[in-house]
Amino acid sequence: MKSVVLENGKVVIKDVEIPKLSKGDVLIKMRSCGLCGTDVEKICGQYTASQPILGHEPAGVVEESMAEGLNKGDRVFAHHHVPCYECYYCRKGSPTMCPYYRKTNLDPGGFSEYFRVPAWNVERGGILKLPDNVSFDEGSFVEPLATVVRGQRRVKIDDGDYVLVVGAGPMGLLHVMTAKRNGAGEVIVSDVSDFRVEFASKIADHSLNSAKVKVHEEVRRLTDGRGADVVIVASGSPRAILDGLRSVRKGGRLLLFGVPFKGTVLDYDVSDLMNNEISVISSNAAVEEDTREALSMLERKEVNVEKLVTHRFPLDQFEDAVRISKEGKTIKTVIYA
């Protein structure tokens, strides 16, 4: 079978053996797998938070199962990281900090014609059956949407809140859609890319180009001088984080969602956080509570994720998909087999 792997920092499409199953494992034929920004960062050597395995947003069909309740032909989503639900961190409500969480993964990764889901993942709810009205492309959004669900649960959006989303990539736009679903009054989005600002204008209430305007001034103009009740920073760039900090209202809440590069330092007066009683919250990844809610949202059509798919590539054109994504003229790219 064909599989995309990293070898010495380079992407290689290799012919490898189909994984063999042990008790409790499931083999899935990939039908759709989203290309995430962290995949591109892994390829560029910039992402070190987890193993350099590519493809963690897959949906497909069960090819072979050695697990109860999952049968050949089932349409499914598979989660790459699954916690133990028993350790100190899991018991304290921080399951993505579980020491087992990032040790788990798909074999050899989601960008493969077939991949194995280990029994560990399967036994802990890491495979969800797709409802008939959820397409494979929609199924590939379960994982990214789940991380958004978890982030917004942590930052808490109240009915009528003004929400600013900094960063109009696929994750930022999922935040826009989910904030509206969660009761936000108006959602503002900002980005430095003309292409993404224009695309976001079809989804958000207001779309700002942060290369051309001062985001915090525009946000205050749109909120009667207060600032946003909730700011979601869906980019890891220092400039994006600063835009967010300067745009949140007194007593407001800011979610750090985008992943900064290691060593990122901000030039910011931290006393402003204390004096203005600003709550800064971070969120990392998702667990099965979140994937189930994300799938339910997709089934009920509460968010229209397919409109975010601007490009689709077959597996053997993976390098073209990465190249075009690096050029910044895409929103969401999906790989299919």
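Sequential numbering from 1 applies to the sequence shown in UniProt numbering.
Where a beta carbon is used, it is the ideal one built from N, C-alpha and C, also for glycine.
Quick one: give me the first and last residue of the beta strand (DSSP E) that aspartate 191 is part of. Residues 186–191.
Using C-beta distances below 6 Å, list every residue in its chain close to aspartate 205, excluding the 5 sequence neighbours before and after it, in chain order. Result list for aspartate 205: Glu186 and Val187, in chain order.
Closer than 8 Å by C-beta to glycine 183: which residues in its own chain qualify, once you throw out the five before and the five after it? Chain order, please. Cβ neighbours of glycine 183 beyond the five flanking positions: Ile157, Asp158, Asp159, Gly160 and Asp161.
Buried/exposed call for leucine 266, threshold 16 Cβ in 10 Å: Note on leucine 266: under 16 other CB atoms within 10 angstroms of its CB, so exposed under the neighbour-count rule.
If phenylalanine 141 sits next to leucine 298, beta carbons under 8 Å apart, how far is it from one beta carbon to the other, in whole angstroms? That belief holds up - the Cβ atoms of phenylalanine 141 and leucine 298 are roughly 7 Å apart, short of 8 Å.
Check for me: the beta strand (DSSP E) holding glycine 34 runs from which residue to which? It spans 26–35 - the beta strand (DSSP E) in which glycine 34 sits, taken as one unbroken run.
Secondary structure, beta strand (DSSP E): runs of 3+ residues fully inside the segment 147–197: Considered as a whole, the segment 147–197 harbours 162–166 and 186–191 as its complete beta strand (DSSP E) runs of no fewer than 3 residues, in chain order.
Secondary structure, alpha helix (DSSP H): runs of 4+ residues fully inside the segment 249–320: Complete alpha helix (DSSP H) runs here, min 4: 271–275 and 288–299.
DSSP on residue 348, reduced to helix/strand/coil? Since the first residue shown for the chain is 1 and the last is 337, residue 348 is missing from the structure and cannot be characterised.
Determine the direct distance from the alpha carbon of proline 19 to that of glutamate 319, and round the result to whole angstroms. Whole-angstrom Cα-Cα distance: 23 Å.
Nearest-angstrom Cα separation, counted from glutamate 41 out to threonine 264: Rounded to the nearest angstrom, the gap between the Cα atoms of threonine 264 and glutamate 41 is 15 Å.
Top-ranked residue by Cα proximity to threonine 310, from Ala200, Arg221, Ile278 and Val270: Comparing Cα positions, the closest option is Ala200.
Extent of the continuous alpha helix (DSSP H) to which serine 3 belongs: Not the alpha helix (DSSP H): serine 3 falls in the beta strand (DSSP E), residues 2–7.
Alpha helix (DSSP H) containing arginine 246: first to last residue? Per DSSP, the unbroken alpha helix (DSSP H) holding arginine 246 starts and ends at 238–247.
Do the segment 111–119 and the segment 27–34 meet, that is, are 3 or more Cβ pairs less than 8 Å apart? Here the segment 111–119 lies against the segment 27–34, with 3 or more beta-carbon pairs under 8 Å apart.
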